[in-house]
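In the working numbering, the protein residues as written are 1020 to 1345. What follows is one structure encoded as C-alpha cells, with my remarks underneath.
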C-alpha cells in the first residue's frame, strides 16, 4: 500500500516518529533496569510499563496515519459532519476504527499514570510523616492501590465509549477528566505536605531521609538478613540488593508530578478547545489533506511520547542504576 502522507510533511513527520522510537527505547530501558533489580511491582516499574504501552499505541497510530492519511482524514471529516456537537469528538478528535482503539489505549494509560502517581504520593506522605496507624505502605494496601489504578480507568474507558449518548457535553467531559483532575488536585495537597516537611528539615539542618525505599526493598537475593550457603564450614551472607531509590526521591517525585500535571493541562486544554469549535459553522467544505495539517496533527503526538525519556531521566539516573553493570 502506497504511503498517503502529503509531500512537504515527510521530514518533520519522520523526525517525530524517530523521536517516538527513542522515547520508547528510554522507557524500555527504565523498565529493564527496574526488572533487573527485582522491583517489578514498584510504582516506577508500573509507570515505566504503562508509559511504554502508551508510546507503542502512539507509534501504531502514527504509522497508520502515515500510510492511510487521505482515507483517515476523509473519514474523520465525514464523522464530524455526521456527529457534530457530539461530546466524544471533543475527546477523541474524530478518530475512527483502529485510530480510535489506539487513542483509547493512550487515554487509558494517562489515567492509570495519574492514579499511580497519586497513590505513590499517599505512600510517600505516610512514610515521611511516619503515620504508623495507617499501614498504607504495607503489601496488601499497596497492591490494592495499584490494582485500583489499573482497573478503575478500564471502567472509565468503557463508560466513555458506550454511554456517550446518555451524557451531556459537560457530563461527558467530567467523566473523561475526573480521574486526572482528582489525582492532580489531591496530589498537589499531598505534595505540599511532603515538601513542607522537607523544607523544614533543611532549614532546621536536620538530617532528613525518606525510608520509603527501604520498605519497598523486599527484593534481596533471599532477604536482607538471609544467610547464604556454607563455604568452608561457615555461612556466608548473600549480598544485599541495593535500593533503586536515593535520598533525592522526594525531589525526583515532585518533578515527575509537576511534569505529569503540565501534560494533563495540555490534554484538558485540547479538549476545551475542541469543545468550543465543535460546531457546524466550523466544519470545512472539504477535508483538509494539506502538509500543514499533517504536521500539526503529528506535533500533537510529541507531548505524550516525551514521558518516556522524562521518566528515565527522573527515576533511571539513581546511583544504583548508574553503577549497574560496572
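For every residue, glycine included, the Cβ atom is placed at its ideal position computed from N, Cα and C.
* Identify whether residue 1219 lies in helix, strand or coil by the three-state DSSP scheme. => DSSP places residue 1219 in helix when its eight states are reduced to three.
* Could you give the distance in angstroms between the alpha-carbon of residue 1085 and the alpha-carbon of residue 1160? -> Residue 1085 and residue 1160 have their C-alpha atoms some 45 angstroms from each other.
* Examine chain E for any beta-carbon lying closer than 8 angstroms to the beta-carbon of residue 1119, and answer yes or no. => The displayed structure is made up of one protein chain only, and chain E is not part of it.
* Asked: Start and end of the alpha helix (DSSP H) containing residue 1067?
  -> Looking at the DSSP string, the run of the alpha helix (DSSP H) that includes residue 1067 is 1062-1086.
* Mind the definition here: the stretch 1023-1041 touches the stretch 1053-1072 only if three or more C-beta pairs lie below 8 angstroms; say whether that holds. => Between the stretch 1023-1041 and the stretch 1053-1072, the count of Cβ pairs shorter than 8 angstroms is below three; the stretches do not touch.
* Asked: Should the stretch 1298-1314 be regarded as contacting the stretch 1117-1132, the criterion being three or more beta carbon pairs within less than 8 angstroms?
  -> The stretch 1117-1132 and the stretch 1298-1314 do not touch, with fewer than three beta-carbon pairs separated by less than 8 angstroms.
* C-beta atoms of residue 1331 and residue 1073 nearer than 8 angstroms -> No.
* To do: Have a look at 1056, 1337 and 1102 and flag the residue whose alpha-carbon is nearest the alpha-carbon of residue 1267.
  => Relative to residue 1267, the option among 1056, 1337 and 1102 whose CA is nearest is 1337.
* **Residue span of the alpha helix (DSSP H) that contains residue 1049, given as start and end** => From DSSP, the alpha helix (DSSP H) with residue 1049 extends over 1029-1055.
* Could you give the distance in angstroms between the alpha-carbon of residue 1024 and the alpha-carbon of residue 1335? -> For residue 1024 and residue 1335, the distance between alpha carbons rounds to 36 angstroms.
* Extent of the continuous alpha helix (DSSP H) to which residue 1277 belongs -> Residue 1277 -> alpha helix (DSSP H) spans 1268-1296.
* Would you decide whether residue 1111 is buried or exposed? Buried here means 16 or more other CB atoms lie within 10 Å of its CB. => The residue is buried, with at least 16 neighbouring Cβ atoms inside 10 Å.
* Under 8 angstroms between C-beta atoms of residue 1198 and residue 1130 -> It is a contact, given that the beta carbons lie within the stated cut-off.
* Asked: Who are the near neighbours of residue 1100 in its chain, counting only those whose CB is closer than 8 angstroms to its CB and skipping five residues on each side?
  -> Around residue 1100: 1302.
* Asked: Whose C-beta lies closer than 6 angstroms to the C-beta of residue 1093 among residues of the same chain, with five residues either side of it excluded?
  -> The residues 1306, in chain order, have a CB closer than 6 angstroms to that of residue 1093 in the same chain once the five nearest residues on each side in sequence are set aside.
* To do: Alpha carbon to alpha carbon, how far is residue 1134 from residue 1212? Give it in angstroms, no decimals.
  => If you draw a straight line from the Cα of residue 1212 to the Cα of residue 1134, it comes to about 18 angstroms.
* Asked: Exposed or buried, residue 1320, counting other C-beta atoms within 10 Å across all chains shown (16 or more means buried)?
  -> By the Cβ neighbour-count rule, residue 1320 is buried, with 16 or more other Cβ atoms within 10 Å of its own.
* Asked: Got a sec, what are the start and stop residues for the alpha helix (DSSP H) residue 1327 sits in?
  -> If you look at residue 1327, you'll find it in the alpha helix (DSSP H) that goes 1326-1334.
* Residue environment, residue 1149, which counts as buried when at least 16 other CB atoms sit within 10 Å -> Classification for residue 1149: exposed.
* Asked: Would you say residue 1191 and residue 1106 are within 8 angstroms of each other, going by their C-beta atoms?
  -> Going by C-beta atoms, residue 1191 is nearer than 8 angstroms to residue 1106.
* Hey, would you say residue 1179 sits closer than 8 angstroms to residue 1195, going by beta carbons? -> The answer is yes: Cβ separation under 8 angstroms.
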